[in-house]
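Right, one structure below, let's go through it.
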Amino acid sequence: MADPIVLKGTQPPDVDPARIGISYSGGGPLVIVELGVARAFVKKGIVPAVITGASAGALAGAAHAIDPIGGKGIEIAAEICGSFSDSKLGLDPFHVTLKLIRERTGLKGIGDNTAFGPPLTEALKRRLHLENVTIAHFRPPERPTLMIVATDVERKEAVWFPDETPLDEALIASTAIPGIFPWREMTVRGIPRILADGAWS
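In my numbering, the protein residues as written are 1 to 201.
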C-alpha cells in the first residue's frame, strides 16, 4: 500500500489505528485484486478494527480477517481461488447442459458455489487448526470484527450474518449470484430468508 497523498503545505491526517476499517466489494474475479489489497495491509502492519465484505469481497474480507498479521488466510484463499475451474463450479458446458435438462423450469442457478466450502473448512483445520469457525470467531483484539452481508431476495433488504453463523455458510450465501449460483434458504435471527449475492438487490 502506498503512503497517503498529501497536498503541498498540509500535514498528513492523524489516524487512529483502532478505528481503521476496510470494506471489500463484490465483483467475482476482482477477489484476486482484493486479496492483493489485503496482503498490502498485512505487509504494512495495518490491522483494521473492522472488515466488511459482500459477494467476492466477503471471501477477501474473511481471508484478511482470519490472520491479519501473518496473512495465512490470504494465502489459503489465493490457493483455493487458483485451484477452481469452471468445471468445479459446475459452469462448464457439460454441467450446465446437464443441470438445464434435470431442473428445467425449477432451475435456481446454472452452477454450484458450495464447492469451495469443503476446501476452505479443510484448509482452516489443517493449516490454522481452526474448526467450526463462525462469525463470532472474528473479534478484537485477536482479529478484526468481520461483517458479511447477503441480500434477502424477497424482502429486498441487506442481511448481516449474526455471530452464530458458520463462516462457510455466510460466504456461500453472500456469493450466490442470481441465475449463476442458487440462492440459499437460511433462518437468520429467527426469520426464514431466501438469500443471494450481497451486492444484488
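Yeah, the Cβ is synthetic: ideal placement off N, Cα and C, and Gly gets one too.
Opening and closing residue of the beta strand (DSSP E) in which residue i lies
i	result
residue 25	Element bounds for residue 25: n/a, residue is neither H nor E.
residue 19	Run containing residue 19: none; DSSP gives neither H nor E here.
residue 96	Unbroken run through residue 96 is the alpha helix (DSSP H), 93-103; no beta strand (DSSP E).
Limits of the unbroken alpha helix (DSSP H) element including residue i
i	result
residue 112	Segment: none, residue 112 is in no alpha helix (DSSP H) and carries neither H nor E.
residue 146	Counting along the chain, residue 146 falls outside any alpha helix (DSSP H), though it belongs to the beta strand (DSSP E) covering 145-152.
residue 39	31-44
Rounded separation between residue i and residue j - CA only
i	j	result
residue 177	residue 10	45 Å
residue 198	residue 171	10 Å
residue 151	residue 71	29 Å
residue 1	residue 125	Note on residue 1: pLDDT 46, under 50, position unreliable in the model; the coordinate value appears next. Whole-angstrom Cα-Cα distance: 30 Å.
residue 25	residue 77	16 Å
residue 42	residue 91	33 Å
residue 80	residue 74	10 Å
Beta-carbon gap between residue i and residue j smaller than 7 Å
i	j	result
residue 109	residue 182	yes
residue 168	residue 120	yes
residue 51	residue 144	yes
residue 134	residue 164	yes
residue 174	residue 55	yes
residue 146	residue 65	yes
residue 82	residue 180	no
beta-carbon residue i near the ligand HEM non-hydrogen atom, thresh 6 Å
i	result
residue 63	Of ligands this structure carries none, so the ligand HEM is not represented either.
Paired residues, beta bridge with residue i - DSSP
i	result
residue 191	188
residue 57	In DSSP, residue 57 forms no bridge with anything.
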